[in-house]
Amino acid sequence: MINFNGDLLSDDSFFLNHENRGLRYGDSLFETLRVVNGKLFFWEDHYLRLMASMRILRMEIPMSFTMEYLEEQIMATVTANSLENGPARVRFTVFRNNGGLYLPDTNDISFLMEAIALEAPFFVLNKDAYEVEIFKDFYVNPDMLSTLKSNNKLINVLGSVFAKENGYQNCLLVNNEKRVVEALNGNLFLVKGNHIKTAPLKDGCLNGIIRKKLIGILEALEQYVFEETHISPFELQKADELFITNAIVGIQPISKYRKKTYDTTVAQDLVGKLNAAARLN
């Protein structure tokens with residue numbers, strides 16, 4: 211079952227047509243959320259990011275789009291898929307309504323919600339082999355649009371194809387200033403000793419929710435020195451650890467980049483603290 215503008219429909223229903231602006235122009239945003247036993251992880255952060263992103267794209271925010279209303283709609287979608295008593299992944303998409311060419315006829319929006327089951331209720335550190343490479347065919351633009359979770363994800367699609375064709379589990383993206391920005395599906399953190407860094411938003415990385423939560427955790431811990439700063443490709447092979455963060459996996463350690471292999475000590479420490487923050491949220 212999917213939720214289209216508050217109506218629960220079978221997932222094989224025909225409710226979008228060729229004029230859909232998300233299809234035509236990528237005129238759309240989405241949030242990916244983890245819901246466990248009826249509880250939304252970091253819902254306020256997801257909600258505020260979505261509202262800010264809609265304003266940047268000049269979308270009209272409906273008066274009904276309160277945190278309470280959207281939470282009700284998310285939970286109705288989860289329940290309709292019989293996932294209310296376990297872990298679920300929800301994709302919540304908003305797109306500008308039909309009409310116009312590049313210039314839209316309206317700034318009004320519609321929304322779509324989908325839910326599928328997840329295996330684990332909390333974030334679990336995956337210690338399987340996880341090799342990455344830098345994807346150099348295309349670059350991320352270091353601007354505000356790159357920080358949004360929009361449907362314009364061609365570089366992520368092509369990078370994923372490249373990774374599969376070459377036997378990698380993921381790729382790292384660089385911007386046109388040759389700075390390492392993020393992974394295909396999340397933000398990147400680099401560990402060297404007790405120093406931890408991640409790329410700043412001005413480099414073009416996604417304004418990730420788990421990125422934000424980990425920054426808050428790290429800034430409160432005395433044993434680590436945290437910094438938002440540029441990451442050079444040359445630093446990758448000098449690092450002790452590399453890991454990727456997103457709202458579904460939590461923390462994904464990278465085991466290998468070229469000839470360098472990495473530890474998971476800091477990632478193991480942080481995943482427990484991230485789960486604690488999720489429980490308290």
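Everything in the sequence shown is counted per my numbering, starting at 211 for the first residue and increasing by one.
For glycine and all other residues, C-beta sits at the position ideal for the given N, C-alpha and C.
Cβ-Cβ separation, residue j to residue i (assumed contact under 8 Å), whole Å
i	j	result
isoleucine 461	threonine 455	6 Å
threonine 474	glutamate 445	With a Cβ gap of about 18 Å, threonine 474 and glutamate 445 do not count as contacting.
asparagine 215	serine 320	5 Å
leucine 394	serine 370	6 Å
leucine 383	valine 342	Not a contact, Cβ separation roughly 11 Å.
alanine 477	phenylalanine 453	5 Å
CA nearest to the CA of residue i, picked from the options
i	options	result
glutamine 433	Asn317, Asp479, Arg421	Asp479
glutamine 283	Lys448, Phe302, Arg489, Pro297	Phe302
leucine 355	Asn417, Ser220, Lys388, Leu233	Asn417
alanine 335	Asn485, Leu490, Asn491	Checking the sequence, you will find leucine at residue 335 rather than alanine. It is Asn485 whose Cα lies nearest to the Cα of leucine 335.
arginine 489	Glu387, Asn247, Arg231	Asn247
proline 272	Val300, Ala290, Phe305, Pro297	Phe305
asparagine 362	Leu226, Phe214, His228, Phe240	Phe240
leucine 293	Met261, Asp315, Ile326, Asn317	Ile326
isoleucine 458	Leu218, Arg234, Arg231, Phe251	Phe251
leucine 364	Tyr378, Phe345, Tyr340	Phe345
histidine 405	Leu428, Arg389, Glu387, Cys381	Leu428
leucine 280	Asn366, Met261, Gly403	Met261
aspartate 221	Lys412, Gly426, Glu229, Met211	Met211
arginine 231	Asn308, Phe372, Ile425, Gln447	Asn308
serine 238	Arg468, Ile425, Asn317	Asn317
threonine 276	Tyr257, Ile425, Asp413	Tyr257
lysine 470	Lys483, Lys448, Val481, Ala487	Lys448
valine 391	Asp413, Asn491, Gly426, Ala430	Asp413
glycine 377	Gly426, Tyr467, Glu229, Asn491	Tyr467
alanine 373	Ser442, Glu437, Asp347	Asp347
The beta strand (DSSP E) enclosing residue i, as first and last residue numbers
i	result
valine 435	435-438
arginine 265	Premise fails: arginine 265 lies in the alpha helix (DSSP H), 253-266, not in any beta strand (DSSP E).
leucine 243	238-246
phenylalanine 205	Because the chain spans 211 through 491 in this model, residue 205 falls outside it and cannot be assessed.
Nonlocal neighbours in the same chain, by C-beta distance under 8 Å from residue i, ignoring five residues either side
i	result
proline 331	Val246, Asn247, Gly296, Pro297
phenylalanine 225	Phe214, Leu219
phenylalanine 333	Val459, Gly460, Ile461, Val481, Leu484, Asn485, Ala488
Where the alpha helix (DSSP H) containing residue i begins and where it ends
i	result
leucine 233	231-235
Same chain only: Cβ atoms within 7 Å of residue i, ignoring 5 sequence neighbours per side
i	result
arginine 176	Residue 176 lies beyond the range of the chain shown here (211 to 491); nothing can be said about it.
Same chain only: Cβ atoms within 6 Å of residue i, ignoring 5 sequence neighbours per side
i	result
proline 314	Arg306
glutamate 270	Asn317, Asp318
Runs of alpha helix (DSSP H) lying entirely within the region 274-325, each at least 4 residues, in chain order
277-290
At what residue ranges does the region 347-423 contain a whole run of the alpha helix (DSSP H), taking only runs of 4 or more?
364-375
What beta strand (DSSP E) runs, 3 residues minimum, are completely inside the region 436-474?
Complete beta strand (DSSP E) runs here, min 3: 451-456, 460-463.
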